[in-house]
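Counting from 1, position 50 in the sequence shown corresponds to residue 49 in numbering that gives the first Met the number 0; the numbering is continuous, with no gaps.
To keep things clear, I will list the structure first and then write my remarks on it.
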Amino acid sequence: MSAVKNANICAILERNVTHAGVAPAAAAGYAGALVPKSVAAAGSLPGGTPADTETIFDLASVSKPVVACTLMRLSVQGDVDLQAPLGSFVPEARGSGSEHLPVELFLAHRAGLEAHRALFAPLLQGRAVSRERALRTAARARRADCAGEAPLAGFAPVYSDLGYILLGAVIEAVTAEPLDAVVERELALPLGLELGSARQVRRRRPGFDREVAPTEIVRARGGLLRGIVHDENAWALSGHAASGHAGLFGTVHDVLAFGLALLDALAGRSQWLSREALQALVRLRPGGTLRAGFDGKSAGVSSAGALSGPETFGHLGFTGTSLWCDPGAGVTSVLLTNRVYPTRDNPKIRAARPLVHDALWAEARRLLPEGPNP
0 MSAVKNANIC AILERNVTHA GVAPAAAAGY AGALVPKSVA AAGSLPGGTP ADTETIFDLA
60 SVSKPVVACT LMRLSVQGDV DLQAPLGSFV PEARGSGSEH LPVELFLAHR AGLEAHRALF
120 APLLQGRAVS RERALRTAAR ARRADCAGEA PLAGFAPVYS DLGYILLGAV IEAVTAEPLD
180 AVVERELALP LGLELGSARQ VRRRRPGFDR EVAPTEIVRA RGGLLRGIVH DENAWALSGH
240 AASGHAGLFG TVHDVLAFGL ALLDALAGRS QWLSREALQA LVRLRPGGTL RAGFDGKSAG
300 VSSAGALSGP ETFGHLGFTG TSLWCDPGAG VTSVLLTNRV YPTRDNPKIR AARPLVHDAL
360 WAEARRLLPE GPNP
């Protein structure tokens, strides 16, 4: 699908993101089955190079829905049973409270794990990080109120990077391949995306290090992070590859195309993933808005904006990225920024996200024909 570079979206980004001090660079767009893809960019990269719609961003946790769909593809193909216990795939989970819990609960953030552990801490002391020890730590990082056998629907949901680190290990165990290679085979290539880990995108695009938006300046990691994953645990565990919770890079075109593929799957017009397979990931689950690999629209002020429909699902990324898909309208909207540059101590993205996404929904709605949508 060709894209229109939309002056209105550029103005939206300048008003709400770059000129508002949210992030120095941004790209955004919308697309739908009945709405042509429209994209724009604003701001600049180091050296004054203008950001454009080919600028590459660290997607951060927008990697999670990509990993979830990759795992679902493997499940459909019979390579992994999502009801099988984690310990049957990840030896480091054996002997922990996570050993006998089904993989699906980790997908849905309902396996009783803590949100985060600083698995990268040895690097700060000049020591190497042991992947095996990190996985054992992740599997044992259980919340105090989540002991014993899990309820059928899982424990109360708590968003957990640790669960997705373990899911990355599941994928690598069943395929005997690096996670980024499996994502490329099961998702990027079938959908025609350049999205991938830093090492993959660098290999495809010789200008990667000039075209990627910088993230944070971190003295302990040598200064400016550019073309290097921002997430410390992903860097410690996977380097220039990818982890289950973070590590993928892409452009606004890549993320929009992924969102469209999700809407196509839900509408039953995809050979990549069936309606039933994707519905198993995005269906409502008890206890909160978290789905399996995705989040839903929260009550009150949502980062998806007020104009998105009640069935809207998507995901946010810590670096300032977001993807939202509205099945009712048949439209997906994307915002990519590097709001962590030069420091993560900048919370302005919270107010900017709903404003930008509402503006994108409004732009897309103007192009929708009257009557029922797909």
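Each residue gets a CB set at the ideal place from its N, CA and C atoms; glycine is no exception.
Predicted, not measured: the structure shown is a model, and the values here were computed from it.
Item to check | Among Thr-331, Leu-272 and Glu-215, the one whose alpha carbon lies nearest that of Phe-317 | outcome: As a first step, residue 317 must be located in the sequence shown, where it is residue number 318. It is Glu-215.
Checklist entry - Which of the three DSSP states, helix, strand or coil, is assigned to Thr-136? => result Here residue 136 corresponds to residue number 137 of the sequence shown, with the count starting at 1. Note: Thr-136 maps to helix in three-state DSSP.
Checklist entry - Quick one: is Val-157 near chain C, going by C-beta distance under 8 Å? => result Judged by its chain identifiers, the structure shown contains no chain C, having just a single protein chain.
Next on the checklist: If contact is defined by three or more beta carbon pairs under 8 Å, each pair taking one atom from either stretch, is the stretch 283 to 294 in contact with the stretch 152 to 170?
Outcome noted: yes
Checklist entry - Taking the alpha-carbon positions, what's the Asp-263 to Val-251 distance? => result Along the sequence shown, one-based indexing puts residue 263 at 264. Along the sequence shown, one-based indexing puts residue 251 at 252. Straight-line Cα distance between these residues: approximately 18 Å.
Checklist entry - If you follow the alpha helix (DSSP H) that Pro-35 is part of, which residue opens it and which one closes it? => result Against the sequence shown, residue 35 aligns to sequence position 36. Here Pro-35 belongs to no alpha helix (DSSP H); instead the beta strand (DSSP E) covers 34 to 42.
Next on the checklist: Rounded to the nearest angstrom, what separates Phe-248 and Cys-145 at their Cα positions?
Outcome noted: Along the sequence shown, read from residue 1 onward, the residue named residue 248 stands at position 249. Along the sequence shown, read from residue 1 onward, the residue named residue 145 stands at position 146. C-alpha separation (whole angstroms): 34 Å.
Next on the checklist: Per DSSP, what are the beta-bridge partners of Lys-4 in this structure?
Outcome noted: Counting from one through the sequence shown, the residue named residue 4 turns up at place 5. Answer is Val-38, bridged to Lys-4.
Next on the checklist: Along the chain, where does the beta strand (DSSP E) containing Leu-262 start, and where does it finish?
Outcome noted: As a position in the sequence shown, residue 262 is number 263, starting the count at 1. Per DSSP, Leu-262 belongs to no beta strand (DSSP E); it is in the alpha helix (DSSP H), 251 to 265.
Item to check | Residue from Gly-319, Thr-342 and Leu-306 whose Cα sits closest to the Cα of Ala-358 | outcome: Position 359 of the sequence shown holds residue 358. For Ala-358, the nearest C-alpha among the options comes from Leu-306.
Checklist entry - Would you call Glu-275 buried or exposed, if buried means 16 or more other Cβ atoms sit within 10 Å of its Cβ? => result For the purposes of this step, residue 275 is identified with residue 276 of the sequence shown, where counting begins at 1. Classification for Glu-275: exposed.
Item to check | For Arg-290 and Ala-137, the rounded distance between their alpha carbons | outcome: Numbered from 1 along the sequence shown, position 138 holds the residue referred to as residue 137. Numbered from 1 along the sequence shown, position 291 holds the residue referred to as residue 290. Ala-137 and Arg-290: Cα-Cα distance of roughly 21 Å.
Checklist entry - Considering only C-alpha positions, which residue in the set Gly-243, Arg-204, Ala-39 and His-18 is nearest to Ser-60? => result Taking the first residue of the sequence shown as 1, we reach residue 60 at position 61. Ranked by how close their Cα comes to the Cα of Ser-60, the residues Gly-243, Arg-204, Ala-39 and His-18 have Gly-243 in first place.
Checklist entry - What does a CB cutoff of less than 7 Å around Ala-260 pick up in its chain, not counting 5 residues either side in sequence? => result As a working mapping, residue 260 is identified with position 261 in the sequence shown. In chain order, Leu-190, Ser-269 and Trp-271 place their CB closer than 7 Å to the CB of Ala-260, counting only its own chain and leaving out the 5 sequence neighbours on each side.
Checklist entry - What's the gap between the Cα of Glu-131 and the Cα of Leu-322? => result For this step, residue 131 is matched to residue 132 along the sequence shown. For this step, residue 322 is matched to residue 323 along the sequence shown. Each residue's CA atom was taken as its position, placing Glu-131 and Leu-322 some 32 Å apart.
Checklist entry - Between which two residues does the beta strand (DSSP E) harbouring Trp-323 extend? => result Numbered from its first residue, the sequence shown carries residue 323 at position 324. Run containing Trp-323: 320 to 325, per the beta strand (DSSP E) assignment.
Item to check | Contiguous alpha helix (DSSP H) assignments of at least 4 residues, all confined to the stretch 88 to 156 | outcome: 102 to 106, 120 to 123 and 130 to 139
Next on the checklist: What does DSSP give as the partner residue(s) for Phe-56 in the beta ladder?
Outcome noted: Along the sequence shown, one-based indexing puts residue 56 at 57. Phe-56 is bridged to Gly-249.
Item to check | Tyr-29 (DSSP reduced to helix, strand or coil) | outcome: Here the question's residue 29 lines up with position 30 in the sequence shown. Under the three-state reduction of DSSP output, Tyr-29 falls in the strand class.
Item to check | Residues of its chain near Ala-219, where Cβ-Cβ distance is below 7 Å and the 5 sequence neighbours each way are ignored | outcome: Counting from 1 along the sequence shown, the entry for residue 219 is found at position 220. Hits under 7 Å: Leu-123.
Next on the checklist: Among Ala-240, Arg-184, Gly-147 and Val-66, whose alpha-carbon lies nearest the alpha-carbon of Gly-162?
Outcome noted: Mapped onto the sequence shown, residue 162 falls at position 163. Closest option to Gly-162, Cα to Cα, is Val-66.
Next on the checklist: Please tell me whether Gly-195 and Glu-183 are closer than 8 Å, where the distance is taken between their beta carbons.
Outcome noted: Counted from its first residue, the sequence shown places residue 195 at position 196. Counted from its first residue, the sequence shown places residue 183 at position 184. Yes, they are a contact pair.
Next on the checklist: Can you give me the C-alpha to C-alpha distance between Glu-362 and Pro-309, rounded to a whole angstrom?
Outcome noted: The count along the sequence shown starts at 1 and reaches residue 362 at position 363. The count along the sequence shown starts at 1 and reaches residue 309 at position 310. One C-alpha to the other measures close to 19 Å.
Item to check | Asp-429 (DSSP reduced to helix, strand or coil) | outcome: Nothing about residue 429 can be reported from this structure: the residues present for the chain run from 0 to 373 only.
Next on the checklist: One question on the structure: do Ile-8 and Ser-37 come within less than 8 Å of each other, judged by their Cβ atoms?
Outcome noted: For the purposes of this step, residue 8 is taken as residue 9 along the sequence shown, with counting starting at 1. For the purposes of this step, residue 37 is taken as residue 38 along the sequence shown, with counting starting at 1. Against a cut-off of 8 Å, the Cβ pair of Ser-37 and Ile-8 comes out as a contact.
Checklist entry - Based on the DSSP output, what are the partners of Val-208 in its beta bridges? => result Translated into positions along the sequence shown, residue 208 becomes position 209. In the sequence on display, residue 208 carries Asp and not Val. According to DSSP, which records beta bridges pairwise, Asp-208 is partnered with nothing at all.
Checklist entry - If you draw a straight line from the alpha carbon of Pro-371 to that of Ala-30, how long is it in whole angstroms? => result Residue mapping note: residue 371 aligns to position 372 of the sequence shown, counting from 1. Residue mapping note: residue 30 aligns to position 31 of the sequence shown, counting from 1. Any reading at Pro-371 must be qualified, since the residue scores a pLDDT of 43, below 50, and its modelled position is unreliable; no value is offered.
Next on the checklist: Excluding the 5 residues flanking Val-217 on each side, which residues of the same chain have their C-beta closer than 7 Å to its C-beta?
Outcome noted: Residue mapping note: residue 217 aligns to position 218 of the sequence shown, counting from 1. Leu-224, listed in sequence order.
Checklist entry - Going straight from the alpha carbon of Val-339 to that of Val-16, what length do you get? => result Locating residue 339 in the sequence shown gives position 340, where the first residue counts as 1. Locating residue 16 in the sequence shown gives position 17, where the first residue counts as 1. Looking at the two C-alpha atoms, the distance is approximately 13 Å.
Next on the checklist: Looking at Ala-379: is its Cβ nearer than 8 Å to the Cβ of His-239?
Outcome noted: This structure gives no information on residue 379, because the portion of the chain shown stretches from 0 to 373.
Item to check | Coil, strand or helix - Pro-368 by DSSP | outcome: Translated into the one-based positions of the sequence shown, residue 368 becomes position 369. It is coil, neither helix nor strand.
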